[in-house]
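**Student:** Below is a structure I'd like to ask you about.
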Amino acid sequence: MKVFNFMGWRLVAVVFSAALLVVSIGSLAVRQLEWGLDFTGGTLVEVHYGDSADLDAIRSTLDNSGYEGATVVSFGTDRDVLIRLPSGFTDSDGNAVLTVLEEASDTAVELRRTEFIGPQVGEELREQGGLAMLLALGLVMLYIGFRFQLKFAVGAVAALVHDVLITLGFFSVLGLEFDLTVLAALLAVIGYSLNDTIVVADRIRENFRKLRRADPVEVINQSLSETLGRTLVTSLTTLLVLASLAFFGGEMIHGFAVALIVGVFIGTYSSIYVSATTLLLLGVSKEDLMIPVKEGAELDDPAP
Amino acid sequence: MLNKYPLWKYLLVLGVVCLGLLYAAPNLYTPDPALQLTGESSAQVIDEATLRRATAALEEAGIDHFGEEIDANGRNALIRLRDRDAQLRAQARVARALGDGFIIALNLAPTTPDWLLAVGAQPMKLGLDLSGGVHFKLEVDVQAAVERRMEYYYSAIRRVLREERIRGRVTVEGDRRVALAFRSEADREAARALVVDKHPELLLDRVDEADSWRLNADMTDITVDEIIDYAVSQNLTTLRNRVNELGVSEPLVQRQGRNRIVVELPGIQDTAEAKRILGKVANLEFRLVAAPDAPAVEKQRFEYRSEERSGAYEWLERDIIITGERVSGAQASFDQNGQPNVQISLDSEGGTLMNRATRNNVKRRMGVLFIERKYRTRYEEQADGTEVPVKVPYDERKLLTAPVIQQALGAQFQITGLDSPMEASELALMLRAGALAAPITFVEERTVGPSLGAENIRLGVKSVQVGLALVVVFMVLYYRIFGLCAVVALSANLVLLLAFMSLIGATLTLPGIAGIVLTVGMAVDANVLIFARIREELREGRAPQMAIHTGFERAVSTILDANITTLIVAVILYAVGTGPIKGFAVTLSIGILTSMFTAIMGTRSLVNLIYGGRRLRHLAIGKDIVQGDVA
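Same order as they appear, the protein sequences are chains A and B.
According to the numbering used here, the first sequence is numbered sequentially starting from -11.
According to the numbering used here, the second sequence is numbered sequentially starting from 389.
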């Protein structure tokens, strides 16, 4: 089979990743994230009009009824309207808004959903989300350090941090709303990217033991080439279902699908370049992988 | 022989898949929209006549209904409707026809056939985002409960010092400390002994200053946690009782974290109504039982609240001794003789008032009244001739108990002579319900209308179908026969996932559906890994049977590592996440577990069935194998 010289391009990859990271971190620092209601607190009302809704009329109705600063946008179709009240309104305002809209409209107004999130809850969620992310990274590092070797753990975590930051950056640059489902997607990205990284790492370990003479760059190139087919196929099937989710899943799940699509792309790339490059930087060698006795026994396996 | 499973392995795979089909099957039956009728009090029995009145009202309004049933003990009745849109209208009609005293709740009645129910198969529960309903998150103001306890310590310590004639100054410092200061060391030691005896849970610390001997009594973290637990669990019990009153078919009242309570009410649309009942405050009044010769203007008649004594009543004085705000705690326990009793503590002012009222009335009886705000429905006719229901509030006062006063009472006293420990704990609960140990506030509220719920299901199912179809087409085109095996395994995986979730009673949410879709995409990964290995082995010149064998063998450890790490992430998601994230984590974790079974064992048995034990020249595992085929 053809062995691609992946690592020959690693400088280009480093520059590319660095550029993406700088843009992401810069945007996160300057523009921050468009936090969704789950995190900011506030009130949200989604209504469905019998006829296409006049957003300006709704805005002025709300302004006149004491709901200044409400954002009114259409949600999916021109009949569905999403109204967001800034924090400061109480939990009873969701119903009140519906009543106001019903009185002002000629056509039927149907309540689709209301959400009220107190400010303290939102703040906690942000903390919890960050904590979950750190915990996931920490435990994963432990597991890989235990199953493989510390250098692999560092490589995997570098790839994960890379993926999470760039996905976050994507949401920040485009100003997409970051809500709870997107956070869930981000953690799923960690899971996915990890899956990829481990498959590659597994092969690198195997090849280090098999190709005793080869230098690390050759071993890694060989391993990446061998796993390339599998990496691409799995990414493709995952992207297929995510595309289906993004197109047919409806508005409430759209952010989730988009975050995962971005994450799968980045995760596929990072499992090839980020974790492997990190391994080379850390100076991985076959001595690193000869220690565990049980794993060594596999070598003597009289495989046919 | 190579690539032949023993018979039992085939049977195992087949058996698991069949069981999966059986337990996933109930989800195929769409539930009927229904009305659930319940009596407001447990004495209210639903009989045939009531049901006939309800169905007559529906017929009059031209609403189709069928399959009416009353459950065995006559507490609930169910009326199934043909049309989901008519549900709200039907509810209003039936409420109007039956009048007060009944709770009419919207419900989705499962249509699971009896033979499935017989083996314990149940459809999955739908989350609020799919079924429609209200989700509340309430926060218990635990600070208030802690402050209340501080007040209690403060007054209790002052009183005991006064009783023992120890001179000293008592102040509250911060929110955790009662500070005592004495003129002499002897006073301090005497006081210390008293406090240790009465309140062993306080942490005592002597501090010597120039001219005063001080003693700091601190509440420990353990005590504070106990107070918080007590306040939250009390609110939990109270909320459960009130939610039952709402007559929701499957409510959820659950503690979350340190001081939050989550309430989920499927099928409820009117959040205002739900909040009114949840936020309702019960109260208590303590009054003396009137003397037999008291003039009528000075006394009032009250009925007992409990059902065993329904109809019995007492005459109480009009003067109120104290109300429920003065009660700081009530606990069921036992006296020295093992008889059940209820220990009541009042705050300092309550203690003074109670003492004043009881010291001259020993051997008389004292009644405890339970006051609840209730609502009557009145129908008002509008100008346009339509009727709107109007809720008129009123206070219902019923007698809990009327024990004899044995001696002058203070801030701490007990009610004895109760029949059973059950009665004692019920009474304690009632007394606490009025006490409002800690106020609650709504910190989160989500309502999903029924139409959005139905749409979410439709969209979710569609994206699973389309996603699955795309993956099937791709896998079969790319891996041919092997792809077909993987696709069959993937479908089995979906079935097992649904069966598992139905069995453990997991709730399906929209993010949960997203988790299923993601599982479909990622579950083929295990097969892709195996197939890629087999291709490699073929390329290296191994015979087809050997390639299958080593391909599966070698891929397994990679699959395990990859899946275990993903599982770690899913478990963290579950542990840290709330609501929607939890739903996603559950489907993701179960999906990982079932996919390992179907992708490794399921696919292997299919491949074995097709290729096992045959002399093979090549494998249908995609086009590039032809080149590497060493036939």
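The beta carbon of each residue, even a glycine, is placed where N, CA and C say it ideally should be.
A quick note: this is a predicted structure, and the numbers were derived from the prediction, not measured.
Does any CB atom of chain B fall closer than 8 Å to the CB of Ile13(A)?
**Tutor:** For the purposes of this step, residue 13(A) is taken as the residue at position 25 of the first sequence. No, Ile13(A) does not count as interfacial toward chain B.
**Student:** Out of Pro204(A), Gly217(A), Leu267(A) and Leu174(A), point me to the one whose CA is closest to Ala247(A)'s CA.
**Tutor:** The count along the first sequence starts at 1 and reaches residue 247(A) at position 259. The option with the nearest alpha carbon to Ala247(A) is Leu174(A).
**Student:** Comparing C-alpha positions only, which one of Asn881(B), Val715(B) and Glu811(B) sits nearest to Glu696(B)?
**Tutor:** As a position in the second sequence, residue 696(B) is number 308, starting the count at 1. Comparing Cα-Cα distances from Glu696(B) to each of Asn881(B), Val715(B) and Glu811(B), the minimum goes to Glu811(B).
**Student:** Is Asn495(B) helix, strand or coil when you go by DSSP?
**Tutor:** Position 107 of the second sequence, counted from the start, is the residue given in the question as residue 495(B). Here Asn495(B) sits in strand by DSSP.
**Student:** Compare the C-beta of Phe801(B) against all C-beta atoms of chain A and say whether one is closer than 8 Å.
**Tutor:** Here the question's residue 801(B) lines up with position 413 in the second sequence. Closer than 8 Å: no.
**Student:** Helix, strand or coil for Gly487(B)? Go by DSSP, reduced to three states.
**Tutor:** For the purposes of this step, residue 487(B) is taken as the residue at position 99 of the second sequence. Residue state, collapsed to three classes: coil.
**Student:** Would you please verify whether the beta carbon of Ala958(B) is less than 8 Å from any beta carbon of chain A?
**Tutor:** Reading the second sequence from its first residue, position 570 is the one you call residue 958(B). Chain A, which has a Cβ nearer than 8 Å to the Cβ of Ala958(B), makes this yes.
**Student:** Taking CB distances under 8 Å as the criterion, tell me whether Asp190(A) reaches chain B.
**Tutor:** For this step, residue 190(A) is matched to residue 202 along the first sequence. Chain B, which has a Cβ nearer than 8 Å to the Cβ of Asp190(A), makes this yes.
**Student:** Quick one: which chain A residues come within Cβ less than 7 Å of Ser851(B)?
**Tutor:** For the purposes of this step, residue 851(B) is identified with residue 463 of the second sequence, where counting begins at 1. Simply Ser232, Leu233, Phe236 and Gly237.
**Student:** Taking 8 Å as the CB-CB limit, is Val108(A) close to chain B?
**Tutor:** If you number the first sequence from 1, residue 108(A) lands on position 120. As written in the sequence, residue 108(A) is Gln, which differs from the Val given in the question. Gln108(A) counts as touching chain B.
**Student:** Kindly indicate if chain B contains any beta-carbon less than 8 Å away from that of Arg135(A).
**Tutor:** Residue 135(A) sits at position 147 when you count from the first residue of the first sequence. Taking Cβ atoms only, chain B reaches closer than 8 Å to Arg135(A), which makes this a yes.
**Student:** If we call anything under 8 Å between Cβ atoms a contact, is Ala176(A) one with Leu976(B)?
**Tutor:** Position 188 of the first sequence holds residue 176(A). Position 588 of the second sequence holds residue 976(B). Yes, they are a contact pair.
**Student:** In three-state terms, what does DSSP make of Asn183(A)?
**Tutor:** Stepping through the first sequence from its first residue, residue 183(A) is reached at position 195. Correct three-state label for Asn183(A): helix.
**Student:** Using a Cβ-Cβ cut-off of 8 Å (strictly less than) and excluding sequence neighbours within five positions of Asp471(B), which residues of its own chain qualify?
**Tutor:** The count along the second sequence starts at 1 and reaches residue 471(B) at position 83. Once the five neighbours on either side are set aside, the close Cβ partners of Asp471(B) are Pro421, Ile451 and Asp452.
**Student:** Chain A beta carbons: is any one of them nearer than 8 Å to that of Ile969(B)?
**Tutor:** Translated into positions along the second sequence, residue 969(B) becomes position 581. Chain A, which has a Cβ nearer than 8 Å to the Cβ of Ile969(B), makes this yes.
**Student:** Thr443(B) touches chain A at which residues, Cβ-Cβ below 7 Å?
**Tutor:** As a position in the second sequence, residue 443(B) is number 55, starting the count at 1. In chain order: nothing, as chain A lies at least about 28 Å away.
**Student:** Which of the residues in the stretch 253 to 265 of chain A, read from start to end, lie with their CB under 9 Å from any CB of chain B?
**Tutor:** Against chain B - using a Cβ distance shorter than 9 Å - the stretch 253 to 265 of chain A contributes no residues.
**Student:** State yes or no: is the beta carbon of Asn671(B) nearer than 8 Å to at least one beta carbon in chain A?
**Tutor:** The count along the second sequence starts at 1 and reaches residue 671(B) at position 283. Not closer than 8 Å to any Cβ of chain A, the Cβ of Asn671(B) fails to qualify, so no.
**Student:** Could you work out which residues of chain B lie near His36(A), taking near to mean beta carbons separated by less than 9 Å?
**Tutor:** For the purposes of this step, residue 36(A) is identified with residue 48 of the first sequence, where counting begins at 1. Here the neighbours are Gly837, Ser839 and Leu840.
**Student:** Would you list, in chain order, the members of the stretch 902 to 923 of chain B that have their beta-carbon closer than 7 Å to a beta-carbon of chain A?
**Tutor:** For the stretch 902 to 923 of chain B, which is checked against every Cβ of chain A, the residues closer than 7 Å are Ala902, Val905, Leu906, Val908, Gly909, Met910, Val912, Asp913, Val916, Leu917 and Ala920.
**Student:** Report buried or exposed for Gly284(A), applying the criterion of at least 16 other Cβ atoms within 10 angstroms of its Cβ.
**Tutor:** By one-based count along the first sequence, residue 284(A) stands at place 296. At Gly284(A), the pLDDT of 44 sits below 50, so the modelled position is not reliable and the matter cannot be decided from this model.
**Student:** If you draw a straight line from the C-alpha of Ala894(B) to the C-alpha of Leu32(A), how long is it?
**Tutor:** Reading the second sequence from its first residue, position 506 is the one you call residue 894(B). Reading the first sequence from its first residue, position 44 is the one you call residue 32(A). Each residue's alpha carbon lies about 28 Å from the other.
**Student:** Taking the alpha carbon of Ala678(B) as the point to measure from, which residue in Asn671(B), Phe690(B) and Ile803(B) has its own alpha carbon closest?
**Tutor:** Taking the first residue of the second sequence as 1, we reach residue 678(B) at position 290. The candidate whose alpha carbon is nearest that of Ala678(B) is Phe690(B).
**Student:** If you draw a straight line from the alpha carbon of Val736(B) to that of Ala533(B), how long is it in whole angstroms?
**Tutor:** Against the second sequence, residue 736(B) aligns to sequence position 348. Against the second sequence, residue 533(B) aligns to sequence position 145. Before going further, note that residue 736(B) is Ser rather than Val in the sequence given. Between Ser736(B) and Ala533(B), the C-alpha separation is close to 16 Å.
**Student:** Once the 5 residues before and after Glu457(B) are set aside, which same chain residues still bring their CB inside 8 Å of it?
**Tutor:** Taking the first residue of the second sequence as position 1, residue 457(B) is located at position 69. Result list for Glu457(B): Ala465 and Leu466, in chain order.
**Student:** Who does Gln731(B) pair with in a DSSP beta bridge?
**Tutor:** Here residue 731(B) refers to the residue found at position 343 of the second sequence. Gln719(B) and Gln802(B).
**Student:** Taking the straight line between their C-alpha atoms, what separation do you get for Val1014(B) and Gly515(B)?
**Tutor:** Here residue 1014(B) corresponds to residue number 626 of the second sequence, with the count starting at 1. Here residue 515(B) corresponds to residue number 127 of the second sequence, with the count starting at 1. Low per-residue confidence applies at Val1014(B): pLDDT is 45, beneath 50, and the placement is therefore not dependable enough to give any value.
**Student:** Does DSSP put Leu1007(B) in a helix, in a strand, or in coil?
**Tutor:** Counted from its first residue, the second sequence places residue 1007(B) at position 619. Three-state DSSP puts Leu1007(B) in coil, outside helix and strand.
**Student:** For the stretch 110 to 117 of chain A and the stretch 519 to 533 of chain B, state whether three or more C-beta atom pairs, one from each stretch, are separated by less than 8 Å.
**Tutor:** Touching, no.
**Student:** By the three-class DSSP mapping on this structure, what secondary structure does Tyr782(B) have?
**Tutor:** Within the second sequence, residue 782(B) is the residue found at index 394, counting from 1. It is a strand residue.
**Student:** I believe Gly841(B) touches Leu518(B) by the beta-carbon criterion, under 8 Å. Please report the beta-carbon distance rounded to the nearest angstrom.
**Tutor:** Here residue 841(B) corresponds to residue number 453 of the second sequence, with the count starting at 1. Here residue 518(B) corresponds to residue number 130 of the second sequence, with the count starting at 1. Contact flag correct, Cβ pair sits at about 5 Å.
**Student:** Buried or exposed for Phe4(A), please, with buried defined as at least 16 other CB atoms from any protein chain shown within 10 angstroms of its CB.
**Tutor:** Translated into the one-based positions of the first sequence, residue 4(A) becomes position 16. Exposed.
**Student:** Report back the beta-carbon spacing between Thr746(B) and Ala796(B) to the nearest angstrom; my notes put them in contact at under 8 Å.
**Tutor:** In the second sequence, residue 746(B) corresponds to position 358, counting from 1. In the second sequence, residue 796(B) corresponds to position 408, counting from 1. Indeed they touch by this definition, with Cβ atoms about 5 Å apart.
**Student:** With 8 Å as the C-beta to C-beta threshold (strictly closer), list the residues of the stretch 147 to 166 of chain A near chain B in chain order.
**Tutor:** Flagged: no residues at all.
**Student:** Check the Cβ of Thr222(A) against every Cβ in chain B and list those closer than 9 Å, keeping chain order.
**Tutor:** For the purposes of this step, residue 222(A) is identified with residue 234 of the first sequence, where counting begins at 1. Those within 9 Å of Thr222(A) in chain B are Gly909, Met910, Val912, Asp913, Val916 and Leu917.
**Student:** Have a look at Ile759(B) and Tyr692(B) and give me their C-alpha separation to the nearest angstrom.
**Tutor:** Against the second sequence, residue 759(B) aligns to sequence position 371. Against the second sequence, residue 692(B) aligns to sequence position 304. Cα-Cα distance, rounded: 12 Å.
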